[in-house]
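The sequence shown begins at -16 in my numbering and counts up by one.
Don't be surprised by glycine CBs; every beta carbon is placed ideally from N, CA and C.
I have placed the structure first, in the form of structure tokens, so that the comments after it can refer back to it.
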Amino acid sequence: MNNILLIGPQGAGKGTQAKLLAKQYHIPHISTGDLFREHIKRQTVLGLQAKTLIDKGKLVPDRITMEMVKERLEDKDCQQGFLLDGVPRTLPQAEMLDEIVEITHVIEIKINDDLAVKRLSARRQCKQCGRIYGLDLPEKKKGVCDDDNALLYQRDDDKPEAIKKRLELYHDETEPLLEYYRPRNIVFQVDGSLPAEKTFAQLKKIID
Ligand code: AMP
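Written as structure tokens, this is what we have:
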């Protein structure tokens, strides 16, 4: 059973790698950022609560986040394993997660802050289908999606002030989680500065 956590700063390529892993190992990719953005789009109560915090690059409170995650992990498709992307981000979240499931791999995708800022500032997303473009994978025609010609936009939290705040939060709150898991001998590391397929090869080696 593979119950995997991906940990890394914004811009490390967690989303990209998670999609590749989900396909390779037939497990669902659960991204709390995506789940929140979905709620915001549907204008649910949770979405409205989360939106102002998210736009400023702040964290949504632990309990709200973990209730959403718990509900998702109870779905049938998670019974044979799953991949969590973007959670836990704080120690209380890690502790709450331990009450719900047993984690088998914690994989750190490592990049330095300069590259993270560069990648996030360049990131654009399709309004229509959600496809992400960036430094390593730019769109063919500037500002529009290759797939559906819809306009690309920049997430509010990918603007400079929010990026700085998010990286600070990562170093202060999330990076220490690696130490929380280390005594269990389930922590691994891959290099997120490489081209996506090279990072993916490192990930496969760890899981296989
Ligand atoms: P992401 O797409 O993972 O960068 O998430 C976007 C935003 O959603 C974050 O900057 C937070 O505001 C919020 N968020 C996502 N995951 C969590 C989490 N585990 N705990 C608290 N807030 C979160």
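Residue i: which of the options sits nearest, CA to CA?
{"i": "HIS22", "options": "ILE47, TYR8, ASP96, LEU66", "result": "ILE47"}
{"i": "LEU80", "options": "LEU134, ILE94, LEU56", "result": "LEU56"}
{"i": "MET197", "options": "LEU18, GLU144, THR27", "result": "No answer is possible for residue 197: the residues shown for the chain start at -16 and end at 191."}
{"i": "GLY(-6)", "options": "LYS39, THR35, LYS93, GLU158", "result": "LYS93"}
{"i": "ARG106", "options": "GLU156, LYS2, LYS125", "result": "LYS125"}
{"i": "GLN172", "options": "LYS2, MET(-16), HIS12, ILE90", "result": "ILE90"}
{"i": "PRO(-8)", "options": "LEU103, HIS12, CYS112", "result": "LEU103"}
{"i": "ILE192", "options": "GLN63, ASP174, ARG149", "result": "Absent from the structure is residue 192, since the part of the chain shown begins at -16 and ends at 191."}
{"i": "GLY(-4)", "options": "GLU82, GLY69, LYS188, GLY113", "result": "GLY69"}
{"i": "ILE86", "options": "GLN62, GLN137, ARG25", "result": "GLN62"}
{"i": "GLU151", "options": "ASN(-15), ALA99, TYR116, VAL84", "result": "ALA99"}
{"i": "ARG114", "options": "ASN(-14), MET(-16), THR(-1)", "result": "THR(-1)"}
{"i": "LEU(-12)", "options": "LEU177, LEU66, LEU118, LYS59", "result": "LEU66"}
{"i": "GLU144", "options": "ASP58, ASP96, GLY40, ASP155", "result": "GLY40"}
Between residue i and residue j, how many whole angstroms is the CB-CB distance? I'm expecting something under 8 Å.
{"i": "THR15", "j": "LEU42", "result": "Going by Cβ atoms, the distance from THR15 to LEU42 rounds to 10 Å, so no, they are not a contact pair."}
{"i": "CYS109", "j": "ASP139", "result": "Rounded, the Cβ-Cβ distance is 16 Å, inconsistent with contact."}
{"i": "ILE10", "j": "GLY64", "result": "4 Å"}
{"i": "ASN(-15)", "j": "ILE189", "result": "No, ASN(-15) and ILE189 are not in contact; Cβ-Cβ is about 10 Å, not under 8 Å."}
Starting from the C-beta of residue i, find all residues in its chain whose C-beta is less than 6 Å away, skip the five residues before and the five after it, and write them out in chain order.
{"i": "LYS123", "result": "ASP129"}
{"i": "PRO75", "result": "ASP45"}
{"i": "TYR163", "result": "ALA77"}
{"i": "GLY30", "result": "HIS22, ILE23"}
{"i": "VAL170", "result": "VAL89, LEU161, TYR164"}
Leaving out the 5 sequence neighbours to the left and right, which residues in its chain are closer than 8 Å to residue i when beta-carbon positions are compared?
{"i": "VAL127", "result": "ALA133, LEU134, LEU135"}
For the alpha helix (DSSP H) containing residue i, list its first residue and its last residue.
{"i": "ASP96", "result": "96 to 105"}
{"i": "GLN32", "result": "28 to 38"}
{"i": "GLN7", "result": "-3 to 8"}
{"i": "GLN185", "result": "179 to 190"}
{"i": "HIS22", "result": "15 to 24"}
{"i": "GLN76", "result": "74 to 83"}
{"i": "THR48", "result": "45 to 56"}
Identify the continuous beta strand (DSSP E) that holds residue i and give its terminal residues.
{"i": "LEU66", "result": "64 to 68"}
{"i": "GLN172", "result": "170 to 174"}
{"i": "ILE92", "result": "88 to 93"}
{"i": "LEU(-11)", "result": "-15 to -10"}
Take residue i and list the residues in its own chain whose beta-carbon comes closer than 7 Å to its own, dropping the five residues that flank it on each side.
{"i": "LEU186", "result": "GLN0, LEU4, ILE90, VAL173"}
{"i": "VAL84", "result": "ASN(-14), LEU56"}
{"i": "GLY175", "result": "GLY(-9), ALA(-5), GLY(-4), ILE92, LYS93, ILE94, THR182"}
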